[in-house]
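Visitor:
In the numbering used here, the protein residues as written are 3 to 717.
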């Protein structure tokens, strides 16, 4: 009974193969059926194949058998009784269909050359059959690598039929790369060489020549393609926007893949996609070219406003190419994120979002790092929208948690990338609170993994989102201030600005001296200072001065912070103290223009008596060198009201210094002298003498300049 069941199954298998060979809907199905019949290795199967070979009415079945015989050369199983196919194949070779004849010639490679040499020679020598049949036989010889076959081709160079002779010469040229028109002497030498080579050596050399020729053809194709696309670019750039849109739409209809891809690239940059262009763009998701489908998916990744989600989902479920499928899923995830975001005018069925999440979860579970990350990113985006049920949200957070734990054993960077996604979920979006609770311990564990800076970076970022204060303490406890990764250090520095206190200013000042973080370090220092009292800031300024003059502007920024805080507290005494420090700093730096602007900004007035004597004196210096002669003279006048001013007084020394400056124009000096010389000198003998000396100096200097000028004119 067992044999009967087996026989029935074998008969059923035969019928399936036979019917598929005769009526299969695709070439692949028909060829697979023919291979199946060959592998049965029985008369019944061979008869079905012979019937197909001999059937002129069913060319598709005939070609499928030829292709199955061609494939059989690479099968590990031995095929019995191949000789039964010789005559039918020779018959096809003599037919009028060049395509079928070439397939038959390739199929005849299953035979050793002696098996087919005589009938091939008979066809070639038969002048009564068609020229095409003889040329088909020439092609069959061209495919052979045996020296005898190539010798036969060389003999045909002298065939009376010029077309046959030309076909033989072309065949030899294809086989050996020898130019058409090569002399018989050269061919004679080639024949001698062939006698020393095996068919395998000849086959290998031929394959190498064909590979080189293929590369040349591809290079030439690429060159012309580049030239055409360059010309297309120039034409496109010269058009107005409406015309460009028409060109894009037209080129999307091209039968050339590179041109359709070019059109997709231009569509991705086109400002307004109309309904016609939108529809065509969507249709390219089902293009026959996988490269075009891939580019269409990538373009739609950044065109979610076109509402492509439904089309993407439909095509995604039919797509077979893994890379294209992943690109479509990415675009679908982005389209869902856009459609379900607050303020979006696109209305999508909830079912599309749930199906997208389900497919993304499948990719998340993949062992492929790329697939896993893409799936995780899509889940992250949708979770951040905060429009899932609590149960669904917890479920997908759990999936992310489980996949991360499994990634710990993988050594391909997946763990760090997944942890970065988990950290992102803790930073924003509707799943933030749940994510912080679930993923917090993962960040703590990963923070101290010494050989993976990317993982530590994701960990410190995640902890910063979960609890800034606790995170900063953990960073200091684990000495992440000295982490070898600059990116990790940066997170610690930034967090110091957000949660640090005065004690952290010490190590931040050390970093400020230059380790590539100066700008960010300074931002953190300023943030800490914003939280301190004015008194502390003024007392702390000397610490900042110690780091070097190059950081002088930092002092001004702290002074500005202190001034703003003092003004906010409406404490005039404190405000005056801060402003005095600013006046001292500006005068010390001799930033006269900046200092003049500051005095004007605070409406400085000597008469208000708001500042100390030192501050008023520094303000006098600023006015003097800043060109405000009248205000500088006002200060001088106020001092003279109190007492006489001698040659050695600080004020006189400062004025003498001013008049000694060579870089100050004489007009400015004379302007100031005019102001102070008009001040009454009654009962002020020292001042009177001082002004007299200044007058003499100015006159002497003027006389010297006049003498030099006249001497120069005389020459």
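We put the beta carbon where it would ideally sit given N, CA and C, even for glycine. Source: prediction; values computed, not measured.
Less than 8 Å between the C-beta atoms of residue 386 and residue 452, yes or no?
Guide: In the chain shown, counting from the first residue as 1, residue 386 sits at position 384. In the chain shown, counting from the first residue as 1, residue 452 sits at position 450. No.
Visitor: For residue 320, count the other beta carbons within 10 Å of its own beta carbon; 16 or more makes it buried, fewer makes it exposed. Which is it?
Guide: Locating residue 320 in the chain shown gives position 318, where the first residue counts as 1. Exposed: under 16 other Cβ atoms inside 10 Å.
Visitor: Closest to residue 725 by C-alpha separation, out of 221, 655, 357 and 410, would be which residue?
Guide: Shown here, the chain extends from 3 to 717; a query on residue 725 therefore has no answer.
Visitor: Can you give me the start and stop residues for the alpha helix (DSSP H) that residue 332 sits inside?
Guide: Residue mapping note: residue 332 aligns to position 330 of the chain shown, counting from 1. Its alpha helix (DSSP H) spans residues 324-341.
Visitor: According to DSSP, is residue 228 helix, strand or coil?
Guide: Working through the chain shown from its first residue, we reach residue 228 at position 226. It is helical.
Visitor: Comparing C-alpha positions only, which one of 63, 229, 235 and 223 sits nearest to residue 771?
Guide: Since the first residue shown for the chain is 3 and the last is 717, residue 771 is missing from the structure and cannot be characterised.
Visitor: Can you tell me where the alpha helix (DSSP H) with residue 2 in it begins and where it stops?
Guide: Outside the displayed span of the chain (3 to 717) sits residue 2, for which this structure offers no information.
Visitor: Fully enclosed by the stretch 475-549, which alpha helix (DSSP H) runs are 4 residues long or longer?
Guide: The qualifying runs are 488-501, 507-514, 520-532 and 536-547.
Visitor: By Cβ distance below 7 Å, which residues in the same chain neighbour residue 70 in space, the five residues on each side in sequence not counted?
Guide: By 1-based counting over the chain shown, the position of residue 70 is 68. Counting only Cβ-Cβ distances below 7 Å, and skipping sequence neighbours, we find 33, 36, 37 and 40.
Visitor: Select from 143, 83 and 52 the residue whose C-alpha is nearest the C-alpha of residue 43.
Guide: Here residue 43 corresponds to residue number 41 of the chain shown, with the count starting at 1. Residue 43 has its Cα closest to that of 83, out of 143, 83 and 52.
Visitor: Would you be able to state if there are at least three C-beta pairs under 8 Å between the stretch 648-655 and the stretch 607-614?
Guide: Output reads no: the stretch 648-655 does not touch the stretch 607-614.
Visitor: Please state the DSSP three-state secondary structure of residue 309.
Guide: For the purposes of this step, residue 309 is identified with residue 307 of the chain shown, where counting begins at 1. In the structure shown, residue 309 sits in coil (DSSP, three-state: anything other than H, G, I, E or B).
Visitor: Taking 8 Å as the threshold (C-beta atoms), are residue 540 and residue 557 in contact?
Guide: Along the chain shown, read from residue 1 onward, the residue named residue 557 stands at position 555. Along the chain shown, read from residue 1 onward, the residue named residue 540 stands at position 538. Contact flag unset, no.
Visitor: Within 8 Å (strictly less), CB to CB, does residue 308 reach chain D?
Guide: Of the chains in the structure shown, none is chain D; there is only one protein chain.
Visitor: Which residue comes first and which comes last in the alpha helix (DSSP H) that contains residue 598?
Guide: Here residue 598 refers to the residue found at position 596 when the chain shown is read from its first residue. That run of the alpha helix (DSSP H) goes 594-603.
Visitor: Would residue 589 pass as a contact of residue 560 if the rule is Cβ separation under 8 Å?
Guide: If you number the chain shown from 1, residue 589 lands on position 587. If you number the chain shown from 1, residue 560 lands on position 558. Result no, Cβ atoms of residue 589 and residue 560 do not sit closer than 8 Å.
Visitor: Would the beta-carbon of residue 366 fall within 8 Å of that of residue 401?
Guide: Looking up residue 366 in the chain shown gives position 364. Looking up residue 401 in the chain shown gives position 399. A contact, by the Cβ cut-off of 8 Å.
Visitor: Look up residue 303 in the DSSP assignment and say whether it is helix, strand or coil.
Guide: Within the chain shown, numbered from 1, the residue matching residue 303 stands at position 301. In the structure shown, residue 303 sits in a helix (DSSP, three-state: H, G or I).
Visitor: If we ignore side chains and look at the alpha-carbon of each, how far apart do residue 377 and residue 298 end up?
Guide: For this step, residue 377 is matched to residue 375 along the chain shown. For this step, residue 298 is matched to residue 296 along the chain shown. Distance between the alpha carbons of residue 377 and residue 298 is about 20 Å.
Visitor: Look up residue 634 in the DSSP assignment and say whether it is helix, strand or coil.
Guide: Residue mapping note: residue 634 aligns to position 632 of the chain shown, counting from 1. DSSP places residue 634 in helix when its eight states are reduced to three.
Visitor: Mind the definition here: the stretch 479-490 touches the stretch 427-441 only if three or more C-beta pairs lie below 8 Å; say whether that holds.
Guide: The answer is no - the stretch 427-441 does not touch the stretch 479-490, with fewer than three Cβ pairs under 8 Å.
Visitor: Between the C-alpha atoms of residue 88 and residue 175, what's the straight-line distance to the nearest angstrom?
Guide: Residue 88 sits at position 86 when you count from the first residue of the chain shown. Residue 175 sits at position 173 when you count from the first residue of the chain shown. So the alpha carbons of these two residues sit roughly 28 Å apart.
Visitor: Exposed or buried, which one is residue 220 when buried takes at least 16 other CB atoms within 10 Å?
Guide: Sequence index remark: in the chain shown, residue 220 carries index 218 (1-based). It is exposed - the Cβ of residue 220 has fewer than 16 other Cβ atoms within 10 Å.
Visitor: Under a Cβ-count criterion, where at least 16 other Cβ atoms within 10 Å of its own Cβ denotes burial, should residue 282 be classed as buried or exposed?
Guide: Residue mapping note: residue 282 aligns to position 280 of the chain shown, counting from 1. By the 10 Å Cβ count, residue 282 comes out buried.
Visitor: Between the C-alpha atoms of residue 411 and residue 434, what's the straight-line distance to the nearest angstrom?
Guide: On the chain shown, residue 411 is found 409 positions in, with the first residue counted as 1. On the chain shown, residue 434 is found 432 positions in, with the first residue counted as 1. Whole-angstrom Cα-Cα distance: 27 Å.
Visitor: With the cut-off set at 8 Å, would you say residue 60 and residue 24 are in Cβ contact?
Guide: Taking the chain shown and counting its residues from 1, one reaches residue 60 at position 58. Taking the chain shown and counting its residues from 1, one reaches residue 24 at position 22. In contact: residue 60 and residue 24 (Cβ atoms closer than 8 Å).
Visitor: Taking 8 Å as the cut-off, decide whether the C-beta atoms of residue 418 and residue 457 are in contact.
Guide: The residue labelled residue 418 in the question sits at position 416 within the chain shown. The residue labelled residue 457 in the question sits at position 455 within the chain shown. Cβ atoms of residue 418 and residue 457: closer than 8 Å.
Visitor: Taking the continuous alpha helix (DSSP H) assigned at residue 119, which residues delimit it?
Guide: Taking the chain shown and counting its residues from 1, the one referred to as residue 119 is at position 117. 115-127 is the extent of the alpha helix (DSSP H) around residue 119.
Visitor: Note the first and the last residue of the continuous alpha helix (DSSP H) segment covering residue 574.
Guide: The count along the chain shown starts at 1 and reaches residue 574 at position 572. Its alpha helix (DSSP H) spans residues 574-591.
Visitor: Give me, in chain order, the residues of the same chain whose beta-carbon lies closer than 8 Å to that of residue 416; leave out the 5 immediate sequence neighbours on both sides.
Guide: Residue 416 sits at position 414 when you count from the first residue of the chain shown. Excluding residues within five positions, the ones whose Cβ falls inside 8 Å are 371, 374, 375 and 409.
Visitor: Between the beta-carbon of residue 527 and the beta-carbon of residue 514, is there less than 8 Å?
Guide: Indexing the chain shown from 1 puts residue 527 at position 525. Indexing the chain shown from 1 puts residue 514 at position 512. Contact: yes.
Visitor: Out of 455, 461, 454 and 200, state which residue places its alpha-carbon closest to the alpha-carbon of residue 429.
Guide: For the purposes of this step, residue 429 is identified with residue 427 of the chain shown, where counting begins at 1. With distances taken between Cα atoms, residue 429 lies closest to 461.
Visitor: Using a Cβ-Cβ cutoff of less than 7 Å, which residues in the same chain neighbour residue 520 once the five nearest sequence positions on both sides are dropped?
Guide: Here residue 520 refers to the residue found at position 518 of the chain shown. Result list for residue 520: 514, in chain order.
Visitor: Would residue 155 and residue 143 qualify as a contact pair, given that the criterion is a beta-carbon distance under 8 Å?
Guide: Here residue 155 corresponds to residue number 153 of the chain shown, with the count starting at 1. Here residue 143 corresponds to residue number 141 of the chain shown, with the count starting at 1. Yes.
Visitor: List the whole-angstrom C-beta distance separating residue 601 from residue 640, where the pair is believed to meet the contact cut-off of C-beta under 8 Å.
Guide: Position 599 of the chain shown, counted from the first residue, corresponds to residue 601. Position 638 of the chain shown, counted from the first residue, corresponds to residue 640. The pair is not a contact, with the Cβ atoms about 16 Å apart (cut-off 8 Å).
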